[in-house]
Amino acid sequence: MKTITKKVLIDLISANTKYKKADVGKIMNLVLDSIVIELGKGNRIELRNFGVFESTMRASRKAQNPKTLEPVQVPAKRVVKFKPGKVMKFKVEQSAVGNQGASKTTEMPVVETSTVVTKAKEPVTV
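The working numbering applies: residue 1 is where the sequence shown begins, and numbers increase by one.
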């Protein structure tokens, strides 16, 4: 297993489309910044077939310092939760089954494709 960075994703998207890396990078940064801003406002981000991002408040709680074993009060804080969508769950489960050599066969959920109209001359199917 390896770590895929934002740069690698930008390279992959650029290589599979006619868009320059700089343009893909700008779009990716705008998307990620928008997600962060909306989560900061307490909004829920739903990306069909991918998953849902939510920010929720975690209540304050008592914990224990592992070094000193003293009890400490952890303050309440806002945290981000992610719930994967059906397609992501399916793909991850199938890759796990494939890595174990099992012969489990299931059908993949139907994925809706949409056409995104961009400034490019042709629509891009996602």
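Beta carbons: idealized from backbone N, C-alpha and C, even for Gly.
As the structure is a computational prediction, the values presented were derived from the model and not from experiment.
(request) State the Cα-Cα distance for the pair VAL62 and PRO75, rounded to the nearest angstrom. (result) According to the sequence as given, residue 62 is Lys; it is not Val. In a straight line, the C-alpha of LYS62 is about 9 Å away from that of PRO75.
(message) With the cut-off set at 8 Å, would you say LYS77 and ARG58 are in Cβ contact?
(response) The answer is yes: Cβ separation under 8 Å.
(request) Return helix, strand or coil for LEU69, following the three-state DSSP convention. (result) For LEU69, the three-state secondary structure derived from DSSP is coil.
(message) Can you look up GLY51 in the DSSP assignment and give me helix, strand or coil?
(response) It is a strand residue.
(request) Kindly indicate which three-state DSSP category MET57 falls into: helix, strand or coil? (result) For MET57, the three-state secondary structure derived from DSSP is strand.
(message) Starting from LYS21, trace the alpha helix (DSSP H) in both directions and tell me its first and last residue.
(response) Boundaries of the alpha helix (DSSP H) harbouring LYS21: 21-40, taken from the DSSP string.
(message) Using 8 Å as the threshold, is the C-beta distance between ILE37 and VAL24 below it?
(response) In this structure, VAL24 does not lie closer than 8 Å to ILE37 by Cβ.
(message) Taking the straight line between their C-alpha atoms, what separation do you get for ASN65 and SER55?
(response) Those two C-alpha atoms are separated by around 26 Å.
(message) Tell me the DSSP secondary structure of ILE4 in three-state form.
(response) Reduced to three states, the DSSP call for ILE4 is coil.
(message) Can you list, in chain order, the residues of its chain with a C-beta nearer than 8 Å to that of MET1? Leave out the 5 residues immediately preceding and following it.
(response) Taken in chain order, the list of residues that qualify is empty.
(request) Over the uninterrupted beta strand (DSSP E) stretch that includes PRO84, give me the two end residues. (result) PRO84: member of the beta strand (DSSP E) spanning 77-84, first to last residue.
(message) So, at 7 Å on beta carbons, what are the nonlocal neighbours of GLU46 in its own chain, with the 5 sequence-adjacent residues on each side left out?
(response) Only VAL52 meet the Cβ criterion.
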